[in-house]
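Engineer:
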Amino acid sequence: MFNNQTILITGGTGSFGKKYTQIILEKYKPKKIIIFSRDELKQFEMQQTFNDPCMRYFIGDVRDASRLLEAMEGVDYVIHAAAMKQVPAAEYNPMECIKTNIYGAENVIKASIKNNVKKVIALSTDKAANPINLYGSTKLASDKLFVAANNMVGQRETRFSVVRYGNVVGSRGSVIPFFRKLIANGAKELPITHADMTRFMITLRQGVEFVLKDFERMQGGEIFIPKIPSMYMTELAKAIAPELPHKIVGIRPGEKLHEIMCPADDSHLTLEFEDHYVICPTIQFAHHCDFTKNRLGEEGKPVEQGFEYNSGNNEDWLTHETLLQMAEEVDPM
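Below, the structure written as structure tokens:
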């Protein structure tokens, strides 16, 4: 699908962008991979690892509509990974979060349509489902923009979908590197916000491969959610450092006890497939699709009314051994 095609990744110097680039280069022979991001140092560092002749590095910000329009010329596929993601930073700098996560999403959509991009997938987060913090709220708005964009394309072939998943094991700023840094610095205990807190867990490779598959599956307007395991944060801490006690520090502002990926309020729109869920768009104007059967021929069925995919009521739970195996597979990028 991606052979001799041009792919642009916004926020491409992040953990996802680097892993996505690695896997694309392993599996395909793309015409170009364009890394679009605003940090010249991160681009320089990424170029030391990814210097294939097909690689292109564009300095730019998703807030800059004209630069995006220029960068997307001739692009076939777009992965929108750029976002302001830190919950406390978003709460303290709300307009900056809105400019990047909402206005930036609008700019990506408009540039994609004007350049006749074939398919666009925007990365979302479990925090966008029933959001209680600004970051999650802006990502929900972004999700809505990308889903609705399918009604703006007219006769063009451009299609937009969203992928939503949970905590990425070992990614920059996540809990496992945080705990390991504390341990390396001689910590005598590990901070836990709440004894019952749970999170969905996925590796970068799993996330990238899910997105790759969703490019093949998508018809436009779907929110794709992988079926992934949950874990108690206390169990995660025990797996990382079984000998250290825990200190309960309380739930931080804007944090949930359990994360949700398919809200109960969307159960009438939710389809269950073998290894994932799809939340269908609430409105279809331009392109009417039967989402129960995707472009790969996979068939889904409606979930029960009131169904909620919640990290606390998940049927799939990580063991200590599986978590440690996932953590060991993380590349030191």
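Numbered by our numbering, the letters in the sequence shown go through residues 966 to 1298 in order. A virtual CB, placed ideally from N, CA and C, is assigned to each residue, including glycine.
(1) Taking its Cβ as the centre, do 16 or more other Cβ atoms sit within 10 Å of Y1057, making it buried, or is it exposed?
(2) Nearest-angstrom Cα distance between T1163 and T1199?
(3) Starting from I989, trace the alpha helix (DSSP H) both ways and give me its first and last residue.
(4) Do Q1270 and H1233 have their CB atoms nearer than 8 Å?
(5) How long is the line joining the alpha carbons of V1214 and S1195, rounded to whole angstroms?
(6) Hey, would you say A1046 sits closer than 8 Å to G977, going by beta carbons?
(7) Looking at the structure shown, is M1298 part of a helix, part of a strand, or coil, going by DSSP?
(8) For R1021, is the classification buried or exposed, using 16 other Cβ atoms within 10 angstroms of its Cβ as the cut-off for buried?
(9) Do the region 1258-1267 and the region 1166-1175 make contact, defined as three or more Cβ pairs closer than 8 Å?
(10) Measuring alpha carbon to alpha carbon, tell me which residue in Q1012, E1005, S1002, L1006 is nearest Q987.
(11) Alpha carbon to alpha carbon, how far is Y1242 from K1079? Give it in angstroms, no decimals.
(12) Where does the unbroken beta strand (DSSP E) through L1155 begin, and where does it stop?
(13) From A1202, F1009, K994, pick the residue whose C-alpha is nearest to that of I1157; which is it?
(14) Looking only at DSSP bridge pairs, what is F1189 linked to?
(15) With respect to the beta strand (DSSP E) encompassing Y997, which residues constitute its N-terminal and C-terminal limits?
(16) By the DSSP assignment, the beta strand (DSSP E) with L973 in it spans what residues?
(17) Would you say N1050 and Y1100 are within 8 Å of each other, going by their C-beta atoms?
(18) Grouping DSSP H, G and I as helix and E and B as strand, with all else coil, what is V1082?
(19) Could you have a look at M1166 and say whether DSSP puts it in helix, strand or coil?
(20) Which value, in whole angstroms, describes the spacing of the CA atoms of E991 and P1018?
(21) Please say whether H1211 and E1286 have beta carbons closer to each other than 8 Å?
(22) Within the chosen definition, does the region 1120-1128 reach the region 1081-1097 through at least 3 CB pairs nearer than 8 Å?
(23) So which of C1245, G1265, P1053 has the shortest CA-CA distance to N1115?
(24) Suppose you measure from the CA of I1167 to the CA of T1284; what does that come to, to the nearest Å?
(25) Quick check on DSSP: helix, strand or coil for I1225?
(26) Taking the CB atoms as reference points, tell me whether N1098 and A1055 lie closer together than 8 Å.
(27) Can you tell me which of the three DSSP states P1096 falls into?
(28) Would you grab the beta carbon distance between D1108 and E1224 for me? Rounded to a whole angstrom, and I think it's under 8 Å.
(29) Check for me: the beta strand (DSSP E) holding M1196 runs from which residue to which?
(30) Pick from Q1120, K983, F967, N968: whose alpha carbon is nearest that of S1136?
(31) Quick one: grab the DSSP three-state call for P1142.
(32) Buried or exposed: which applies to G1186, given that a residue is buried once 16 or more other Cβ atoms fall within 10 Å of its Cβ?
(33) Count the other C-beta atoms from every protein chain shown that fall within 10 angstroms of the C-beta of N1299, then say buried if there are 16 or more, exposed otherwise.
(34) Take the Cβ of P1297 as the centre, count every other Cβ of all protein chains shown within 10 Å, and call the residue buried at 16 or more, exposed below.
(35) Do you know whose CA, among L973, P1218, E1273, lies nearest D1041's CA?
Structural biologist: On the basis of the supplied data:
(1) Of the residues assessed, Y1057 falls on the exposed side of the cut-off, its CB having fewer than 16 other CB atoms within 10 angstroms.
(2) Distance between the alpha carbons of T1163 and T1199: 9 Å.
(3) Taken as a continuous stretch (DSSP letters only), the alpha helix (DSSP H) holding I989 covers 980-992.
(4) For Q1270 and H1233, yes; Cβs fall inside 8 Å.
(5) Taking the straight line from one Cα to the other gives about 21 Å.
(6) Closer than 8 Å, so yes.
(7) For M1298, the predicted model reports a pLDDT of 47, less than 50, meaning its position is unreliable; a value from the coordinates is still stated below. For M1298, the secondary structure class from DSSP, reduced to helix, strand or coil, is coil.
(8) Flag for R1021 reads exposed.
(9) Because the criterion of three Cβ pairs below 8 Å is not met, the region 1258-1267 and the region 1166-1175 do not touch.
(10) Comparing Cα positions, the closest option is Q1012.
(11) Taking the straight line joining both Cα atoms gives about 30 Å.
(12) It spans 1155-1157 - the beta strand (DSSP E) in which L1155 sits, taken as one unbroken run.
(13) With distances taken between Cα atoms, I1157 lies closest to A1202.
(14) Under the DSSP definition of a beta bridge, F1189 partners with V1128, V1243.
(15) It is worth fixing the name first, because residue 997 is Lys in this sequence and not Tyr. DSSP places K997 inside the beta strand (DSSP E), whose first and last residues are 997-1002.
(16) DSSP places L973 in the uninterrupted beta strand (DSSP E) bounded by 971-975.
(17) Checking the sequence shown, residue 1050 turns out to be Lys, not Asn. Yes, the pair counts as a contact, with Cβ atoms nearer than the cut-off.
(18) Coil, per DSSP.
(19) M1166: strand per DSSP, three-state reduction.
(20) Whole-angstrom Cα-Cα distance: 14 Å.
(21) Result no, Cβ atoms of E1286 and H1211 do not sit closer than 8 Å.
(22) Verdict: yes, contact present.
(23) Nearest Cα to N1115 within the set C1245, G1265, P1053: C1245.
(24) Taking the straight line joining both Cα atoms gives about 13 Å.
(25) In the structure shown, I1225 adopts extended strand secondary structure according to DSSP, grouped into three states.
(26) Result yes, Cβ atoms of N1098 and A1055 sit closer than 8 Å.
(27) Judged by DSSP in its simplified three-state form, P1096 adopts coil rather than helix or strand.
(28) Contact flag wrong, Cβ pair sits at about 15 Å.
(29) M1196 -> beta strand (DSSP E) spans 1195-1197.
(30) Closest by alpha carbon: K983.
(31) Note: P1142 maps to helix in three-state DSSP.
(32) By the C-beta density criterion, G1186 is buried, having at least 16 other C-beta atoms within 10 angstroms.
(33) The shown model of the chain, from 966 to 1298, leaves out residue 1299, and the question about it has no answer.
(34) For P1297, the predicted model reports a pLDDT of 46, less than 50, meaning its position is unreliable; a value from the coordinates is still stated below. Exposed: under 16 other Cβ atoms inside 10 Å.
(35) Per the Cα distances, L973.
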